[in-house]
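A.B. asks:
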Amino acid sequence: MPKSPATRTLPPSTALLTVAGGQLIAAPRAAPERVRRKRPASANPYLRLLATPGARAFTVGNLIARFPMGMLSVSAVIMIAGSRGSYALAGAVTATGLAATAVVAPFTARLVDRYGQARIAVPATALAVLGSLALVLCVRYDAPAWTLFVAYAATATTPNTGGMSRARWAHLHRGDPAALHTANSFEQAADELCFMLGPVLAAVLCGTLFPEAGTLVGAFLLMTGVLVFAAQRATEPPPTPRTRTAVSPLRTPGMPALLAVFLATGAVFGALEVVSIAHAGGAILALQAAGSCAAGLLYGSLRPARNVHRRLLLCLAAMTALMSLPLLATTSTASLPVLALCLLLAGAATAPTMVTGMTLVQRATPPGQLNEGMTLSVTALLGGVAAGAATGGWLVEHAGTVSGYAAPMGAAALALVIAAAGTALRRRQGVSGGSAR
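Taking the working numbering, I'd label the letters of the sequence shown as residues -4 to 432.
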């Protein structure tokens, strides 16, 4: 039935008649709607990554929480050595904390996966901060040496904020390998930035203010950052209750070989750090971290080969070749600028190797156990750092700093051999090496 004139609706373009200034004029019925144009996606993959809803908020909190990674151990060494006059005691205390972290961190990560990031990370961080404050008080009031070990061991409950951030990216961009590659590269560059600037800030605070300043500022930043990070509940992966059939990521196929690669890669970092400090001072290490940071950002903007296992072999081969540059530089010339350039170039393969390794760890780990899987890789890395530092120190003392640069190159070659053996074993077992892996 046709509508009556009284009920017939006017089309949107129908004008209304009105009187203005004694004249009859036609006015539009409604203001024309503005055409909403969709903003084109940025060509920069990092801008697209940070445009993810909620990503910027948890990234800010995560960066604040991770910055103390490069501060607290350096601050503890300066504070203890300055008060007790013993670098041996300071080194033993920090080594004890590293060992405690290797034991406690996987259990903390397992609780994070089971009960959620905010529920576990905040109290675990609070306990770690109390350990740092206890260390300050023990040093300040000249408590017995054993109290320093106990206090610093309490900091082992510090959650793996880098792993939690990577777990959020994996949750937000599941099924998008390109976005995850960019996210892992961004996270690795953030790690390098924290380890590059953290020790400098710690040294400045302890030197210009008072010996305990670095530890106090680091503890404050850690607690603040974790609180900001944990408050972003919208991007937090859902907790995965533990079932009786669930097994540790350590038992998943391919994981033991990956952890062995991380162990050898950590030895590269530990040996290079000790030898470089003995040869030219700690400031020169910032160049290696800067090279790694720049390479990580560049690597994340590229579209890598889909076969991640082959990519890891290429990265390790490049790292082995580039780690030979500091050894060649010190054997052929005593010029520090040449060594600095070689360290800058040597760092170029570090971040791509770590990004590719973390990608494989994420793929080998069940989705509900990502924090635990990535924390296991970080634990292996820390164990390698400790072993590499001890090996590098022994070589420096018995063979000199020039020969000491053979240690990081040898550790990189060992990582390459382990990865190649793992790939060969994987092929023998009939596992496809295509895009799924």
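Ideal Cβ placement from N, Cα and C applies to all residues, glycine included. As the structure is a prediction and not an experimental result, all values here were calculated from the model.
Kindly provide the ranges of any alpha helix (DSSP H) runs that are 4 or more residues long and lie completely inside the segment 155 to 196, ordered along the chain.
C.D. replies: Segments of the alpha helix (DSSP H) lying fully in the segment 155 to 196: 156 to 167.
A.B. asks: Between the C-alpha atoms of residue 243 and residue 109, what's the straight-line distance to the nearest angstrom?
C.D. replies: Each residue's Cα considered, the two are about 13 Å apart.
A.B. asks: Determine the direct distance from the alpha carbon of residue 294 to that of residue 332, and round the result to whole angstroms.
C.D. replies: Straight-line Cα distance between these residues: approximately 26 Å.
A.B. asks: Cβ atoms of residue 375 and residue 282: under 7 Å apart, would you say?
C.D. replies: In this structure, residue 375 does not lie closer than 7 Å to residue 282 by Cβ.
A.B. asks: Taking contact to mean 3 or more Cβ pairs, one atom from each stretch, closer than 8 Å, check whether the segment 70 to 79 and the segment 222 to 230 are in contact.
C.D. replies: Contact fails: fewer than three Cβ-Cβ distances are below 8 Å.
A.B. asks: Around the C-beta of residue 483, are 16 or more other C-beta atoms found within 10 angstroms, so that it is buried, or is it exposed?
C.D. replies: There is simply no residue 483 to check, as the chain begins at -4 and stops at 432 in what is shown.
A.B. asks: To test your reading of the DSSP string, which unbroken alpha helix (DSSP H) runs of 4 or more residues are found completely within the segment 65 to 126?
C.D. replies: Counting whole runs of 4 or more residues, the segment 65 to 126 contains the alpha helix (DSSP H) stretches 67 to 79, 82 to 110.
A.B. asks: In terms of residue numbering, what span does the alpha helix (DSSP H) encompassing residue 49 cover?
C.D. replies: Unbroken run through residue 49: none, as it is neither H nor E.
A.B. asks: Using the C-alpha atoms, what's the distance from residue 310 back to residue 224?
C.D. replies: Roughly 32 Å separates the two Cα atoms.
A.B. asks: Who are the Cβ neighbours of residue 177 in its own chain at under 6 Å, not counting the five residues just before and after it?
C.D. replies: Closer than 6 Å at the Cβ level, and outside the excluded window around residue 177, lie 40, 44, 295.
A.B. asks: Are three or more beta carbon pairs between the segment 107 to 123 and the segment 154 to 166 nearer than 8 Å?
C.D. replies: Yes: the two stretches touch, three or more of their Cβ pairs being nearer than 8 Å.
A.B. asks: Can you give me the C-alpha to C-alpha distance between residue 370 and residue 158, rounded to a whole angstrom?
C.D. replies: Spanning the two alpha carbons is a distance of roughly 6 Å.
A.B. asks: Would you mind listing the alpha helix (DSSP H) stretches within the segment 234 to 296 that are 4+ residues and don't spill past its ends, in chain order?
C.D. replies: Taking only runs of at least 4 residues, the alpha helix (DSSP H) segments lying wholly in the segment 234 to 296 are 250 to 275, 280 to 295.
A.B. asks: Buried or exposed: which applies to residue 393, given that a residue is buried once 16 or more other Cβ atoms fall within 10 Å of its Cβ?
C.D. replies: Residue 393 comes out exposed.
A.B. asks: How many Å lie between residue 184 and residue 60 at the Cα?
C.D. replies: Cα to Cα, the separation comes out at about 15 Å.
A.B. asks: Rounded to whole angstroms, what's the CA-CA distance from residue 431 to residue 262? Just pull it up for me.
C.D. replies: Per-residue confidence for residue 431 stands at a pLDDT of 39, beneath the threshold of 50, marking its modelled position as unreliable; the derived number appears in the next sentence. Cα to Cα, the separation comes out at about 30 Å.
A.B. asks: Return yes when the Cβ of residue 291 is within less than 7 Å of the Cβ of residue 346, no when it is not.
C.D. replies: Going by C-beta atoms, residue 346 is nearer than 7 Å to residue 291.
A.B. asks: Grouping DSSP H, G and I as helix and E and B as strand, with all else coil, what is residue 31?
C.D. replies: The pLDDT assigned to residue 31 is 46, lower than 50, so where the model puts this residue is not dependable; a value taken from the coordinates is nonetheless given after this. Reduced to three states, the DSSP call for residue 31 is coil.
A.B. asks: My output table needs one value for residue 205: the three-state DSSP class, helix, strand or coil.
C.D. replies: Coil at residue 205, not helix or strand.
A.B. asks: Within its chain, find whatever has a CB closer than 6 Å to the CB of residue 417; leave out the 5 residues flanking it on each side and keep chain order.
C.D. replies: The residues are 252.
A.B. asks: Going straight from the alpha carbon of residue 151 to that of residue 96, what length do you get?
C.D. replies: Going by the C-alpha atoms only, they are around 4 Å apart.
A.B. asks: Mind checking which residues open and close the alpha helix (DSSP H) that includes residue 357?
C.D. replies: Segment 345 to 359, the alpha helix (DSSP H) holding residue 357.
A.B. asks: Grab the span of the alpha helix (DSSP H) containing residue 328 for me, first residue to last.
C.D. replies: Counting along the chain, residue 328 falls outside any alpha helix (DSSP H), and DSSP gives it neither H nor E.
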